[in-house]
Structure formats: structure tokens, C-alpha cells
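Colleague: Structure below; questions to follow.
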Amino acid sequence: MLNVGYIGLGLMGKSIARNILKAGFPLVVHNRSRAAVDELVAEGAEPAHSPAEVAAKVDVVFTNLPDSPDVESVVLGPNGILEAGRPGLVFVDNSTIKPATARLLAERLAQKGIAALDAPVSGGDVGARNATLTIMVGGEADALQKVMPVFEAMGKTITHIGGPGTGQIAKACNQIMVAAQMAAMGELLVFAKKAGADPQKVVAAIKGGAAQCWTLDVKPPRLFEGNRAPGFKAYMQAKDLNIVMESAREYDCPLPLTAETHRLYQSMLSMGLGEQDNSAVIAVLESLAGTELLDD
Numbered sequence: 020m021l022n023v024g025y026i027g028l029g030l031m032g033k034s035i036a037r038n039i040l041k042a043g044f045p046l047v048v049h050n051r052s053r054a055a056v057d058e059l060v061a062e063g064a065e066p067a068h069s070p071a072e073v074a075a076k077v078d079v080v081f082t083n084l085p086d087s088p089d090v091e092s093v094v095l096g097p098n099g100i101l102e103a104g105r106p107g108l109v110f111v112d113n114s115t116i117k118p119a120t121a122r123l124l125a126e127r128l129a130q131k132g133i134a135a136l137d138a139p140v141s142g143g144d145v146g147a148r149n150a151t152l153t154i155m156v157g158g159e160a161d162a163l164q165k166v167m168p169v170f171e172a173m174g175k176t177i178t179h180i181g182g183p184g185t186g187q188i189a190k191a192c193n194q195i196m197v198a199a200q201m202a203a204m205g206e207l208l209v210f211a212k213k214a215g216a217d218p219q220k221v222v223a224a225i226k227g228g229a230a231q232c233w234t235l236d237v238k239p240p241r242l243f244e245g246n247r248a249p250g251f252k253a254y255m256q257a258k259d260l261n262i263v264m265e266s267a268r269e270y271d272c273p274l275p276l277t278a279e280t281h282r283l284y285q286s287m288l289s290m291g292l293g294e295q296d297n298s299a300v301i302a303v304l305e306s307l308a309g310t311e312l313l314d315d
């Protein structure tokens, strides 16, 4: 049984860590704010006061943090994972960060005999709670095989994409599609409303055909109820699109549709709606069209 560490107990991380604990793995946890640590300690986890302390006690250490600089600091900074990690340790990052950062961390950790897996996840807070996440993995196959029992406690679809950074490339591709679907759904709902058709009936009609997708299956019922509370917060969607666009520039790959979707999410943030669900990007489109989905 692997000893596991988890650093970063936010909306996703806490649920993932809880599922690892439920699966029977000894778990050491660390987070900047202590409330989530205390909650998991009450359920059987062991607390730690720094990333270095976690790394020194475990066989596998996970991170789930907001952005590339956060992960880089936890791994390479003072009292970080690199400082205390020993040869044979496996580092797994569930965050969504730049592929270039994932490759840098893998290179630095390898110099000390530490394997690295970039393993971002998709499935939102529901997937994290229900252990049904999709996990995209970049890194060495041997390290993945070692960690696979832990991944199986977290998710249902685990795919080895390739070498370091490729898990993050897959997640960037995922976010291109997710953001485009959210924006397209918002456009069709606003268009239907303004053009005089019942948006609920329109969705019922088209989701049985070629337009069917997870977004149309899951999000419209919440929007029709006026519920824009987050499953995945819009400011995180905007952050992920920042990563996509920065990485696209690095690889000299134009992404014109994603660039426009990125602008819609930036507008949403400027409207003060960053804490709402990523589907609430419809608010930007409502504003542009001068209509509201639920306005009678």
C-alpha cells in the first residue's frame, strides 16, 4: 500500500484526497488554509505543515494548485518537494498548468531521481466527489504503473498520453472544446430567445441529433432554473484559456475560435462574474443581445 501525499485541498483537491483516503491509502495532507486539512484529519489523514514535510513521508505526492507559478513554487521553492524528496518518489500534478512548466518540473525532479507525472483531470466537482474523473497522464509508463491504484481511486478513465507535458497538452485540448461548447450553448439559447422560439424546446429538439453533447445534456436545465452557481468556476475557465493561448503562441499555432472564446470569458470576468459557473458566459451574450434567457 503506497503512502500518499496530497497538497492543495480546494474544490477539486479535497474531494480527490478524500477518495484516496476512502480507498485505504495512508494519506498526508497540506494546504495553505487549515480548515480543509482539519476536515480530512478528522477522517483519518495525517497533517503536514509544508510541501517538504509531505514529500519526506510518502511514496507518491500529488499537487492540485491554481496555476503554473503555484506548482513551480511548491515543487522548487523553499520547503518544497524537490528539497525533501528522495530518489524513487513519484510526483503527480493534478493541476492544469502550462505544458512547458510540466516539462521543466519533470526535468528538474529527474535530476534527483524523482519521477514526474503531469495528470490534469476533467469532470468538475461532481467527478471529483464521485471518483469518476477523466485523468490525462504525461510521463514515464513505469511511474504511471506504480501510481495506477491511486488513480483508480480517483477516476474512471485514465489515459497515458505520452512523455512529460503531454497530459497538460491533452487538458488544453479539453479546455478548448469545453469553452467552445459553453459559448456555443450560450449563443444558441440567446438566439432562440430573441428570435421568438422557446429555448427549452429548442434544446429538447437538437440534443437528440448531431448537436448532442455533455454540455447540452447537463447545463441548460440549470440555466433554465436560474442556477449559475459553479460546478467549474468561470475564472478558472479563463485561466485555463490563458494557458491555451500562451502555449499556442509558444508552438506558433493560431487558434482563432479559441481566441474569441477567451475574449468572452475575459469580458465575463470584467463583469464581476468570475465566481459563477463557466456556463454563465451566457451573461456576456445576453448583454450583447439585449435580452435575458429568463426574462418573460
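Numbering-wise, the numbering used here puts 271 at position 252 of the sequence shown, and it's gapless, one number per residue.
Note that beta-carbon positions come from the ideal geometry of N, C-alpha and C, so glycine has one too.
1. Which residues does DSSP list as the beta-bridge partners of Ile154?
2. Can the beta-carbon of Ala191 be found less than 9 Å from the beta-carbon of Pro118?
3. Hey, Val80 and Ala64: beta-carbon distance below 9 Å or not?
4. Does the Cβ of Val145 have 16 or more other Cβ atoms within 10 Å, making it buried, or fewer, making it exposed?
5. Inspect the beta-carbon positions of Leu274 and Val303 and report whether they are closer than 9 Å.
6. Quick one: any contact between the segment 133–152 and the segment 186–204, if contact means 3 or more CB pairs under 8 Å?
7. Please identify the residue among Ala214, Gly215 and Gln231 whose C-alpha is closest to the C-alpha of Val222.
8. Quick one: measure Cβ to Cβ for Met173 and Ala150, integer angstroms, because I've assumed they're closer than 8 Å.
9. Tell me which residue opens and which closes the alpha helix (DSSP H) that Asp57 is part of.
10. Based on the DSSP output, what are the partners of Gly24 in its beta bridges?
11. Start and end of the beta strand (DSSP E) containing Val111?
12. When the Cα of Gln200 is compared with those of Ser298, Leu124, Asp271 and Leu260, which residue comes out closest?
13. So, Leu235 versus Met204, is the Cβ gap smaller than 9 Å?
14. For a test of the three-state rule: what should DSSP assign to Asp296, helix, strand or coil?
15. Considering only the alpha carbon of each residue, which of His49, Tyr254, Asp217 and Gly309 lies closest to Glu294?
16. DSSP on Glu159, reduced to helix/strand/coil?
17. Would you tell me roughly how many angstroms separate the C-alpha atoms of Arg37 and Leu59, rounded to the nearest one?
18. Which residues bound the alpha helix (DSSP H) around Ser69?
19. Residue range of the alpha helix (DSSP H) that Tyr254 falls in?
20. How would you label Tyr25, buried or exposed, when you count the other beta carbons within 10 angstroms and need 16 or more for buried?
21. Would you please state the rounded distance, in angstroms, between the beta carbons of Thr153 and Ile262? I believe it to be under 8 Å.
22. By Cβ distance, which residues of its chain are closer than 8 Å to Leu288, with the 5 residues on each side in sequence left out?
23. For the alpha helix (DSSP H) that contains Pro88, what are its first and last residues?
24. Is Ala135 helix, strand or coil when you go by DSSP?
25. Would the beta-carbon of Thr82 fall within 9 Å of that of Ile100?
26. Hey, Val109 and Pro70: beta-carbon distance below 9 Å or not?
Modeller: Checking against the coordinates, here is how it stands:
1. Counted from its first residue, the sequence shown places residue 154 at position 135. Partner(s): Val140 and Ile177.
2. Residue mapping note: residue 191 aligns to position 172 of the sequence shown, counting from 1. Residue mapping note: residue 118 aligns to position 99 of the sequence shown, counting from 1. Closer than 9 Å, so yes.
3. Here residue 80 refers to the residue found at position 61 of the sequence shown. Here residue 64 refers to the residue found at position 45 of the sequence shown. It is not a contact, given that the beta carbons lie outside the stated cut-off.
4. Counting from 1 along the sequence shown, the entry for residue 145 is found at position 126. Counting the other Cβ atoms within 10 Å of the Cβ of Val145 gives fewer than 16, which makes it exposed.
5. On the sequence shown, position 255 is the one that residue 274 refers to. On the sequence shown, position 284 is the one that residue 303 refers to. Result no, Cβ atoms of Leu274 and Val303 do not sit closer than 9 Å.
6. Judged by pairs of C-beta atoms under 8 Å, the segment 133–152 touches the segment 186–204, as three or more such pairs exist.
7. The residue given as residue 222 occupies position 203 in the sequence shown. Minimum Cα distance to Val222 is reached at Gln231.
8. Position 154 of the sequence shown, counted from the start, is the residue given in the question as residue 173. Position 131 of the sequence shown, counted from the start, is the residue given in the question as residue 150. 6 Å between Cβ atoms; contact.
9. Within the sequence shown, the letter at position 38 stands for residue 57. Counting along the chain, the alpha helix (DSSP H) containing Asp57 begins and ends at Arg53 to Val60.
10. Locating residue 24 in the sequence shown gives position 5, counting from the first residue. DSSP, once it has assigned bridges, lists Val47 and Val80 as partnering Gly24.
11. For the purposes of this step, residue 111 is taken as residue 92 along the sequence shown, with counting starting at 1. Boundaries of the beta strand (DSSP E) harbouring Val111: Val109 to Asp112, taken from the DSSP string.
12. Numbered from 1 along the sequence shown, position 181 holds the residue referred to as residue 200. Nearest of Ser298, Leu124, Asp271 and Leu260 to Gln200, Cα basis: Ser298.
13. Against the sequence shown, residue 235 aligns to sequence position 216. Against the sequence shown, residue 204 aligns to sequence position 185. Against a cut-off of 9 Å, the Cβ pair of Met204 and Leu235 comes out as a contact.
14. Numbered from 1 along the sequence shown, position 277 holds the residue referred to as residue 296. Three-state result, Asp296: strand.
15. Taking the first residue of the sequence shown as 1, we reach residue 294 at position 275. Comparing Cα-Cα distances from Glu294 to each of His49, Tyr254, Asp217 and Gly309, the minimum goes to Tyr254.
16. Mapped onto the sequence shown, residue 159 falls at position 140. Three-state result, Glu159: coil.
17. Looking up residue 37 in the sequence shown gives position 18. Looking up residue 59 in the sequence shown gives position 40. Rounded to whole angstroms, Arg37 to Leu59 spans 7 Å at the Cα level.
18. As a first step, residue 69 is located in the sequence shown; it is residue number 50 there, counting from the start. Per DSSP, Ser69 belongs to no alpha helix (DSSP H) and is neither H nor E.
19. Position 235 of the sequence shown holds residue 254. Segment Ala253 to Glu269, the alpha helix (DSSP H) holding Tyr254.
20. Stepping through the sequence shown from its first residue, residue 25 is reached at position 6. Answer is buried; the Cβ neighbour count reaches 16.
21. What you label residue 153 is simply residue 134 of the sequence shown in a count that begins at 1. What you label residue 262 is simply residue 243 of the sequence shown in a count that begins at 1. Their Cβ separation, rounded to whole angstroms, is 18 Å, which puts Thr153 and Ile262 out of contact at 8 Å.
22. Start at 1 with the first residue of the sequence shown, and residue 288 comes out as number 269. Correct list, in chain order: Ala253, Tyr254 and Ala257.
23. As a first step, residue 88 is located in the sequence shown; it is residue number 69 there, counting from the start. Residues Ser87 to Leu95.
24. In the sequence shown, counting from the first residue as 1, residue 135 sits at position 116. Reduced to three states, the DSSP call for Ala135 is strand.
25. For the purposes of this step, residue 82 is taken as residue 63 along the sequence shown, with counting starting at 1. For the purposes of this step, residue 100 is taken as residue 81 along the sequence shown, with counting starting at 1. The answer is yes: Cβ separation under 9 Å.
26. Here residue 109 is taken as the residue at index 90 of the sequence shown, counted from 1. Here residue 70 is taken as the residue at index 51 of the sequence shown, counted from 1. The answer is no: Cβ separation not under 9 Å.
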